[in-house]
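Residue numbers in the sequence shown follow the UniProt record's numbering, run continuously in steps of one, and reach 65 at the last position. Heads up: the structure comes next, in structure tokens.
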Amino acid sequence: SEDSYNVHIETMPWLRIPFSQEERRKKLAIALDVQAIPTLVILDPRDNIITLEGRSELLEDPEGF
Numbered sequence: 001s002e003d004s005y006n007v008h009i010e011t012m013p014w015l016r017i018p019f020s021q022e023e024r025r026k027k028l029a030i031a032l033d034v035q036a037i038p039t040l041v042i043l044d045p046r047d048n049i050i051t052l053e054g055r056s057e058l059l060e061d062p063e064g065f
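In structure tokens, the structure reads:
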């Protein structure tokens, strides 16, 4: 549900695809082979992949990414 989605993501400090864009979220999850939530994939505005390892890259260098 949207309420569950919002509760789950409100502690995450990054932008995310809105719940209302369900079709986009599903297509990206399949295309990116998302196996667990949360998964942090960094995309450009056209949904091109910048990195599939967003979480680890941000943890390694939060200021430089």
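Note that the Cβ used here is the ideal one computed from N, Cα and C, for glycine as well.
- ILE49 carries a strand assignment under DSSP once its states are collapsed to helix, strand and coil.
- Shown here, LEU40 sits in coil according to DSSP, grouped into three states, outside any helix or strand.
- Taking 8 Å as the cut-off, the beta carbon of ARG25 is found no closer than this to the beta carbon of ILE37.
- For SER56, the enclosing alpha helix (DSSP H) covers residues 54-60.
- In the three-state DSSP reduction, ARG24 falls in the helix class (H, G or I).
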